[in-house]
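Novice:
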Amino acid sequence: MREPKSVFVKGFDDPEYIRIIANFKRFLEKWSLDADFREVYEQNSEKAIADSGLDVEPEAIKLMLDEEKARNLQKALTEKSLTWKDLPESYVLYRAFIQEKLSFREKLRIDLCAPKDSLFNAWRERQERRCWLEMGPSARSMVQAPLMFELSEGCSVGCPFCGVAAKGLCGIFRYSEEHAQLWQDVLSRLHRLIGDAAGRGTCYYACEGLDNPDYERFIKDYFDEFGVVPQTTTAASTRNIERTKALLRFGKENDPHTDRFSVLSTAMRDQLFSSFSPEELLMVELLPQFPEAPCCKLTKVGRNRNDEQTDAVGGTIACASGFIVNMQEKSLRLMTPFVSDQKHPTGEWILEKCSFTSAEDLEEQVRRMMSQYMTKSLELNCCCKAACDFRLEEKEGRIWVYGHAIGLALMDTAIRQDTLDRMLALLREGTYTGYDILDALPEGTIIAHSILLLKLLWEHGLIDQSL
Ligand code: SF4
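Using the numbering used here, read the sequence shown as starting at 144 and increasing by one per residue.
Listed below in structure tokens is the structure:
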């Protein structure tokens with residue numbers, strides 16, 4: 144049995160190791176993207192494995208896909224009646240590959256995406272705490288990148304499920320001499336201001352990277368500035384297969400990382416499977432985004448939100464708490480993820496959007512927004528507004544706060560429920576300062592406790608002072 148290795152390492156070269164996990168991955172992709180294949184597998188797994196033409200270990204596949212087997216395995220591993228060495232090799236290597244990706248995502252969220260400015264970082268952490276309360280464990284998958292770029296305005300693909308409800312493509316930032324200079328200047332200024340975390344975002348957000356014929360040239364500059372090849376998620380992977388292969392090669396040779404292809408139809412799936420070998424797509428996640436795919440799961444947000452359920456709350460696909468710079472529109476927005484509701488249908492809270500005229504002007508606007516929105520502490524003499532729809536409850540001497548997903552004990556000190564109700568009502572009105580709120584609490588309220596509670600709510604991103 145081979146020992147698990149790190150695959151996302153520059154120069155990784157073990158063809159047999161790659162072949163094993165890539166074949167395993169392709170089998171799982173067929174199972175999650177192809178309803179006919181899945182049906183055959185469910186009726187006769189041996190036949191599906193033989194028909195797939197992939198070199199996989201049947202027992203390893205069954206351990207992954209058979210729920211009862213997977214449960215029993217987990218139990219045996221916990222009880223130590225089995226060890227990893229007793230399991231099929233491909234199963235162990237594939238699990239190690241997935242674990243490597245998950246660990247890197249954690250590292251991005253906790254460490255690599257943390258801006259060097261302590262106030263920016265504290266603001267980002269407050270938004271992350273709010274996201275946990277609002278979205279629960281799914282917040283773990285949000286890396287909360289502090290800076291993202293868009294190299295075109297709008298998107299040509301028009302996915303019916305688009306979580307950010309991107310408008311149609313209306314402009315592309317081409318790599319002219321002037322634009323290249325502006326781009327390089329923007330990258331180096333924001334790198335200095337935000338630190339290395341500025342290079343942990345993407346060069347697309349509410350747009351399609353491959354709509355820009357010069358996407359690769361911008362990516363190359365980004366790599367030269369940060370030493371990082373940014374991750375690409377694309378719904379246009381099959382538009383020009385050779386172009387897509389070259390993009391993947393550039394990533395693999397310079398900075399191995401995970402890219403993602405949205406699979407929009409059965410035809411696209413078949414084209415991907417026939418045009419790319421399992422090895423070529425090892426570092427690409429195929430996202431099942433068409434209804435016939437057995438594992439199709441689309442977040443109820445943006446164009447995929449059901450507007451008839453006006454008070455329904457859905458998720459978000461946003462994963463940045465920071466700045467989005469649109470190079471074509473010359474715009475800057477400060478945003479953070481939010482549950483998808485009537486006021487935030489795209490699951491984004493845009494605190495401000497402005498335009499810029501030059502790299503210097505952009506840097507100034509970023510600095511201004513940082514000092515305006517990323518304040519050091521709660522200011523009781525300023526307006527305090529509930530940032531989202533949370534509840535407060537006193538239970539057995541503790542104060543709990545509940546978001547849409549989970550609750551959290553914030554304080555061990557009792558505050559009467561009528562005080563909590565009054566405080567929350569005033570925060571929801573959003574027109575009172577902290578001092579006004581303290582003055583208006585019911586008689587007998589211990590003010591010191593109420594101040595502490597307001598501070599804790601602010602620390603969890605639940606009080607917005609950005610008016
Ligand atoms: S999901 Fe992506 S590719 Fe599809 S319309 Fe939205 S921005 Fe464009």
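The beta-carbon is built from N, C-alpha and C at its ideal position, and this holds for glycine as well. From a predicted model like this one, the values you see are computed outputs, not experimental measurements.
For Leu490, count neighbouring C-beta atoms within 10 Å of its own C-beta (all shown protein chains included) and say buried if the count is 16 or more, exposed if not.
Specialist: In the sequence shown, the residue the question calls residue 490 occupies position 347. As written in the sequence, residue 490 is Gly, which differs from the Leu given in the question. Gly490 comes out buried.
Novice: Relative to the C-alpha of Gln432, which candidate in Asn447, Gly279, Val406 has its C-alpha closest?
Specialist: As a first step, residue 432 is located in the sequence shown; it is residue number 289 there, counting from the start. Among Asn447, Gly279, Val406, the Cα nearest to that of Gln432 is on Val406.
Novice: Can you tell which of Glu243, Ala193, Cys346 has its C-alpha closest to the C-alpha of Pro289?
Specialist: Your numbering for residue 289 matches position 146 in the sequence shown. Nearest option by C-alpha distance: Cys346.
Novice: Mind reading off the beta-carbon distance from Pro437 to Met285? Whole number of angstroms is fine, and I expect it under 8 Å.
Specialist: Translated into the one-based positions of the sequence shown, residue 437 becomes position 294. Translated into the one-based positions of the sequence shown, residue 285 becomes position 142. So it is not a contact: roughly 26 Å between Cβ atoms.
Novice: Between the C-alpha atoms of Lys162 and Ser483, what's the straight-line distance to the nearest angstrom?
Specialist: As a first step, residue 162 is located in the sequence shown; it is residue number 19 there, counting from the start. As a first step, residue 483 is located in the sequence shown; it is residue number 340 there, counting from the start. Reading off the sequence shown, one finds Arg at residue 162, where the question assumed Lys. If you take the alpha carbons of Arg162 and Ser483, they lie about 41 Å apart.
Novice: Beta strand (DSSP E) containing Asn187: first to last residue?
Specialist: Residue numbering aside, residue 187 sits at position 44 when the sequence shown is read from its first letter. From DSSP, Asn187 is part of no beta strand (DSSP E); its letter is neither H nor E.
Novice: Thinking just about the alpha-carbon of each residue, which of Phe369, Phe151, Gly306 is nearest to the one in Gln327?
Specialist: For this step, residue 327 is matched to residue 184 along the sequence shown. Looking at the Cα atoms, Phe369 is the closest of the given residues.
Novice: Whole angstroms is fine: what's the gap from Asp454's alpha carbon to Glu359's?
Specialist: Taking the first residue of the sequence shown as position 1, residue 454 is located at position 311. Taking the first residue of the sequence shown as position 1, residue 359 is located at position 216. Asp454 and Glu359: Cα-Cα distance of roughly 42 Å.
Novice: Please look up how many angstroms separate the CB atoms of Leu477 and Leu494, rounded, as I've assumed it's under 8 Å.
Specialist: The sequence position of residue 477 within the sequence shown is 334, counting from 1. The sequence position of residue 494 within the sequence shown is 351, counting from 1. At roughly 4 Å, the Cβ-Cβ gap stays under 8 Å, so Leu477 and Leu494 are in contact.
Novice: What runs of the beta strand (DSSP E), each 3 residues or longer, lie entirely inside the stretch 436-496?
Specialist: List check, beta strand (DSSP E) in window: 463-469, 474-480.
Novice: Closest to Asp582 by CA distance: which of Ile315, Asp209, Thr562 is it?
Specialist: Mapped onto the sequence shown, residue 582 falls at position 439. It is Thr562 whose Cα lies nearest to the Cα of Asp582.
Novice: Going residue by residue through the stretch 316-348, where are the continuous alpha helix (DSSP H) segments of at least 4 residues, counting only ones entirely within it?
Specialist: Runs of the alpha helix (DSSP H) inside the stretch 316-348: 320-337.
Novice: Could you check the C-alpha separation between Arg510 and Arg335 for me, to the nearest Å?
Specialist: Residue numbering aside, residue 510 sits at position 367 when the sequence shown is read from its first letter. Residue numbering aside, residue 335 sits at position 192 when the sequence shown is read from its first letter. Cα to Cα, the separation comes out at about 12 Å.
Novice: From Ala568 to Trp227, what does the alpha carbon distance come to, in whole angstroms?
Specialist: Start at 1 with the first residue of the sequence shown, and residue 568 comes out as number 425. Start at 1 with the first residue of the sequence shown, and residue 227 comes out as number 84. Straight-line Cα distance between these residues: approximately 55 Å.
Novice: Does the stretch 437-449 come within contact of the stretch 164-181, defined as at least 3 CB pairs closer than 8 Å?
Specialist: Touching, yes.
Novice: At a threshold of 6 Å, does Cys302 count as lining the ligand SF4 (C-beta to nearest heavy atom)?
Specialist: Position 159 of the sequence shown, counted from the first residue, corresponds to residue 302. Flag set: Cβ of Cys302 near the ligand SF4.
Novice: To the nearest angstrom, report how far apart Asn383 and Phe393 are at their CA atoms.
Specialist: On the sequence shown, residue 383 is found 240 positions in, with the first residue counted as 1. On the sequence shown, residue 393 is found 250 positions in, with the first residue counted as 1. Between Asn383 and Phe393, the C-alpha separation is close to 16 Å.
Novice: Below 6 Å, is the gap between the Cβ of Glu351 and the nearest heavy atom of the ligand SF4?
Specialist: Taking the first residue of the sequence shown as position 1, residue 351 is located at position 208. Yes - the ligand SF4 has a heavy atom lying nearer than 6 Å to the Cβ of Glu351.
Novice: Assuming Gly587 and Lys528 form a contact by the criterion Cβ under 8 Å, report the distance between their Cβ atoms to the nearest whole angstrom.
Specialist: Here the question's residue 587 lines up with position 444 in the sequence shown. Here the question's residue 528 lines up with position 385 in the sequence shown. Gly587 to Lys528, Cβ: 26 Å. No contact.
Novice: For Val152, which residues from the same chain have a beta carbon less than 7 Å from its beta carbon, with the 5 sequence-adjacent residues on both sides left out?
Specialist: Residue numbering aside, residue 152 sits at position 9 when the sequence shown is read from its first letter. Hits under 7 Å: Pro399.
Novice: What do you reckon, is the C-beta of Ala618 under 6 Å from a heavy atom of the ligand SF4?
Specialist: This structure gives no information on residue 618, because the portion of the chain shown stretches from 144 to 610.
Novice: Verify whether the separation of the beta carbon atoms of Glu271 and Gln287 is less than 7 Å.
Specialist: Within the sequence shown, the letter at position 128 stands for residue 271. Within the sequence shown, the letter at position 144 stands for residue 287. Going by C-beta atoms, Glu271 is nearer than 7 Å to Gln287.
Novice: Rounded to the nearest angstrom, what separates Phe304 and Ala461 at their Cα positions?
Specialist: The residue you call residue 304 lines up with position 161 of the sequence shown. The residue you call residue 461 lines up with position 318 of the sequence shown. When rounded, the distance between both Cα atoms is 14 Å.
Novice: If you run the structure through DSSP and keep just helix, strand and coil, what is Gly550?
Specialist: Within the sequence shown, residue 550 is the residue found at index 407, counting from 1. Three-state DSSP puts Gly550 in a strand.
Novice: What residues match up with Ala613 in a beta bridge as DSSP calls it?
Specialist: No answer is possible for residue 613: the residues shown for the chain start at 144 and end at 610.
Novice: Specify, as a first and last residue, the run of the alpha helix (DSSP H) that Trp601 falls within.
Specialist: For this step, residue 601 is matched to residue 458 along the sequence shown. First-last of the alpha helix (DSSP H) with Trp601: 590-602.
Novice: Shorter than 7 Å from the beta carbon of Leu208 to some beta carbon of chain B?
Specialist: Protein chain content of the structure displayed is limited to a single chain, and chain B is not contained in it.
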